[in-house]
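Presented below is the structure to which this report refers.
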Amino acid sequence: MERKGILVVGGGLVGQTLAAKLSADGQDVTLVERDAAKVGELMDLLDVQVVEGNGSTAPVLRRAGIESCSLVVASTDRDEVNVVVGLLAAELFHVPRVVVRVRDADHEEGFRIAGRQHSLDYALVNPEAAAVERIATLLEVPGALDVSAFMDGDLLVAGFRIESSSDFAGLRVTDMRLLFAGTATLAVAIHRGPDWFIPHGAQVIEAGDLVYFATSRRDLGDVLALVGVVEDDRSRILIGGASSIGLSLAKRLKERGQRVVVIENDRERARHAADELSPSLVIAGKVTDQGLLEESQIENVSTFVAVTEDHETNLVACLLAKRLGAGRALALVDNPALVAMVGSVGIDAIISQRLLTIGLTMQYIRGAGVRSGAALLEDEVEIMEVEAVRGCRLTSGPLMDVKLPRGVLVAALKRGEKLAIPTGRDTVEPGDHVLLITTSGMASKLTEYLEP
Numbered sequence: 001m002e003r004k005g006i007l008v009v010g011g012g013l014v015g016q017t018l019a020a021k022l023s024a025d026g027q028d029v030t031l032v033e034r035d036a037a038k039v040g041e042l043m044d045l046l047d048v049q050v051v052e053g054n055g056s057t058a059p060v061l062r063r064a065g066i067e068s069c070s071l072v073v074a075s076t077d078r079d080e081v082n083v084v085v086g087l088l089a090a091e092l093f094h095v096p097r098v099v100v101r102v103r104d105a106d107h108e109e110g111f112r113i114a115g116r117q118h119s120l121d122y123a124l125v126n127p128e129a130a131a132v133e134r135i136a137t138l139l140e141v142p143g144a145l146d147v148s149a150f151m152d153g154d155l156l157v158a159g160f161r162i163e164s165s166s167d168f169a170g171l172r173v174t175d176m177r178l179l180f181a182g183t184a185t186l187a188v189a190i191h192r193g194p195d196w197f198i199p200h201g202a203q204v205i206e207a208g209d210l211v212y213f214a215t216s217r218r219d220l221g222d223v224l225a226l227v228g229v230v231e232d233d234r235s236r237i238l239i240g241g242a243s244s245i246g247l248s249l250a251k252r253l254k255e256r257g258q259r260v261v262v263i264e265n266d267r268e269r270a271r272h273a274a275d276e277l278s279p280s281l282v283i284a285g286k287v288t289d290q291g292l293l294e295e296s297q298i299e300n301v302s303t304f305v306a307v308t309e310d311h312e313t314n315l316v317a318c319l320l321a322k323r324l325g326a327g328r329a330l331a332l333v334d335n336p337a338l339v340a341m342v343g344s345v346g347i348d349a350i351i352s353q354r355l356l357t358i359g360l361t362m363q364y365i366r367g368a369g370v371r372s373g374a375a376l377l378e379d380e381v382e383i384m385e386v387e388a389v390r391g392c393r394l395t396s397g398p399l400m401d402v403k404l405p406r407g408v409l410v411a412a413l414k415r416g417e418k419l420a421i422p423t424g425r426d427t428v429e430p431g432d433h434v435l436l437i438t439t440s441g442m443a444s445k446l447t448e449y450l451e452p
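Going by my numbering, the sequence shown opens with residue 1, and the numbers climb by one from there.
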């Protein structure tokens, strides 16, 4: 029997978002959720089959139709459950591909060992590691609301709010070729009001737009200057919350040689962080305590990063930090309604583990040479870096003749060490790395262009 269906275990925010996304792609999706009260809500909300039960047990998996599935995604909020689901899917039911969401490095290591021993085709998605990576990248790009790295880190896709004073305000997208002649810099996505779109050459960038630029690292300074970003000469970074994300981020920034201070409300956790981060300063107290922030000299902080487990606290702390003089405020938030507020309420960037998890999961599901991927804010636009394979339609001739679907932009091409923006006359060769920007609704249609 040919396996076609996709089984998602866990009906939380990540699971239901993935199920909805895959269903919109035309996939046959079943969602398993153990909370009976939640099952009814999911059935009303989603156009997928919803099965009630414990997805880490074989009888429930059978009832959900796992034996006809080509892919299982374990996306509950418990690592142990996800690992069991992944092993059952691969070992007992011989599902060809498995995605397992894990937060703990020990669980990740254990599943990798099992994967090597049994030659499993799997992907491990660690939302906390992804959040640390995203924050670290954001800190490299002043003024950016959102940043993703591609092409082995050589190319950045960064989103900026365009002010009326910016040199980009009123500029046609095609005129960027004059400003950045010979460089890989292009406006690749625009959020205006409620709408997202992939801009065409005659599109005019307007003040108030959230514009995503693809640019090489070496040209980033020119983009920042035209956006109108003023670099902050303050070097200290204040992290609110010694959560696993906060601790990992602090260690990473220390390795970069940056000055870090951490505030943590839980005294035991604060003591542990102080031992781990010595000689960096760890302060025991609430991240929303105005007096404590003032004592911490918040006005001398270049960036405040709020990464406690309480996302509403993160928002409040960021707003307070900005009011007290912090140069920039980044908040860990997973509420979709709040993610849409980025840049409009005084918070400079929001990091969503949900969107990061979805982007990494979809990267694996898309397959077809996809090396990396990201979902932009609100998940309306996807970015995919693909490696072109011999015999695929993408390599069949000049890009103008390949006739990619409307709403798909070839934003960059890397051949060897050379990075460039291709024109319609350029040809993609096997082995090239290609950056594709697409609306989420069109992403699934790219497979036929990427497979031989």
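Just so you know, even glycine gets a beta-carbon here, dropped at the ideal spot from N, CA and C. Keep in mind it's a predicted model, so treat the numbers as computed, not measured.
Residue i - DSSP class collapsed to helix/strand/coil
i      : result
Leu46  : coil
Val287 : coil
Phe150 : strand
Asp432 : coil
Phe168 : coil
Glu163 : coil
Thr447 : helix
Pro142 : coil
Ser23  : helix
Pro398 : strand
Leu231 : In the sequence as presented, Leu is not what sits at residue 231; that position holds Glu. Correct three-state label for Glu231: coil.
Glu80  : helix
Val381 : strand
Val223 : helix
Ala202 : coil
Ala329 : strand
Glu309 : coil
Gly481 : Here the chain comprises residues numbered 1 to 452, so residue 481 is not present and cannot be evaluated.
Leu247 : helix
Thr57  : coil
Thr185 : coil
Alpha-carbon to alpha-carbon, residue j and residue i
i      : j      : result
Pro105 : Arg112 : Here residue 105 is Ala; the residue named in the question, Pro, does not match the sequence. Cα to Cα, Ala105 sits roughly 10 Å from Arg112.
Lys254 : Asp266 : 22 Å
Ser119 : Gln27  : 26 Å
Leu292 : Ala331 : 19 Å
Ala420 : Leu178 : 14 Å
Ala225 : Glu451 : 40 Å
Short Cβ contact (7 Å threshold) for residue i with residue j
i      : j      : result
Val157 : Ala214 : yes
Ala274 : Val282 : yes
Ser166 : Val229 : no
Val204 : Arg172 : yes
Ile351 : Thr303 : no
Glu380 : Trp196 : yes
Val155 : Ser216 : Per the sequence shown, the amino acid found at residue 155 is Leu instead of Val. Yes, these two residues count as a Cβ contact at 7 Å.
Ala326 : Ile365 : no
Ala89  : Val48  : no
Ala270 : Ala284 : yes
Thr438 : Glu385 : no
Reference residue i; option with closest CA among the options
i      : options                        : result
Glu67  : Asn314, Glu2, Val307           : Glu2
Ala149 : Pro405, Tyr449, Ser372, Gly407 : Ser372
Gly12  : Ser23, Gly5, Pro59, Asp35      : Asp35
Thr361 : Lys4, Val99, Gly10             : Val99
Ser444 : Gly391, Leu376, Gln363         : Gln363
Gly416 : Ile190, Glu91, Glu429          : Glu429
Gly201 : Gly431, Glu448, Gly424         : Gly424
Leu71  : Val60, Ser56, Asp121           : Asp121
Gly170 : Gly193, Ala144, Glu206, Leu145 : Glu206
His433 : Arg269, Lys414, Lys418, Glu448 : Lys414
Sheet register partners of residue i (DSSP bridge)
i      : result
Lys418 : Arg415
His191 : Trp196, Leu210
Cys69  : Gly5
Gly86  : DSSP, once it has assigned bridges, lists no residue as partnering Gly86.
Ala321 : DSSP output for Ala321 lists no bridge partner at all.
Val261 : Leu238, Leu281
Ala349 : Leu330
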